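Participant:
Numbering (the working numbering), first residue to last: 35 to 160.
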């Protein structure tokens, strides 16, 4: 396995780990809010969590896909001057992939967790 492939896989694993933590945190906060705001109703908490996780995951997927189309020269090059180095190129240095790809990969965590909560909601509601 080449060095670039290893860096790409490490970047994808890092993005998946951070995306999973963000999805879990958002799901827990939304569940607790809905659970407490609607009279300690677990079904309402699960319903709100699943809807928001699936919505955020879909929006992240769209945003990441659009980011892949418009992210022109994100890859760092040796000919860049310090004035050309902006946030998107620094993101590539840190993570090892363009920001559009990172958002798309992280959306998988939101969609998977939303699907798990969806299955849990409908299995407990029956």
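Each residue gets a CB set at the ideal place from its N, CA and C atoms; glycine is no exception.
Given the structure is predicted, the values throughout are model-derived calculations rather than measurements.
#1: Taking the C-alpha atoms as reference points, what is the distance between residue 131 and residue 156?
#2: Does the separation of the CB atoms of residue 60 and residue 140 fall below 8 Å?
#3: Between which two residues does the alpha helix (DSSP H) harbouring residue 89 extend?
#4: Going by DSSP in three states, residue 130 sits in which element: helix, strand or coil?
#5: Residue 53 lies in the alpha helix (DSSP H); which residues open and close that run?
#6: Near residue 134, what residues of its chain come up, given a Cβ to Cβ distance below 6 Å and the 5 sequence neighbours on each side ignored?
#7: Find the nearest neighbour of residue 43 within the set 68, 154, 145 and 129, judged by alpha-carbon distance.
#8: Which residue's Cα is closest to the Cα of residue 64: 72, 90, 154 and 82?
#9: Can you check whether the CB of residue 80 is closer than 8 Å to the CB of residue 145?
#10: Please go through the same chain and pick out, in chain order, the residues whose beta-carbon is closer than 7 Å to the beta-carbon of residue 72, but skip the five residues on each side of it.
Facilitator: The relevant details are as follows:
#1: 37 Å
#2: no
#3: 76-104
#4: coil
#5: 37-71
#6: 98, 101, 102 and 105
#7: 129
#8: A check of alpha carbon separations from residue 64 across 72, 90, 154 and 82 identifies 82 as the nearest.
#9: no
#10: These residues qualify, in order along the chain: 78.
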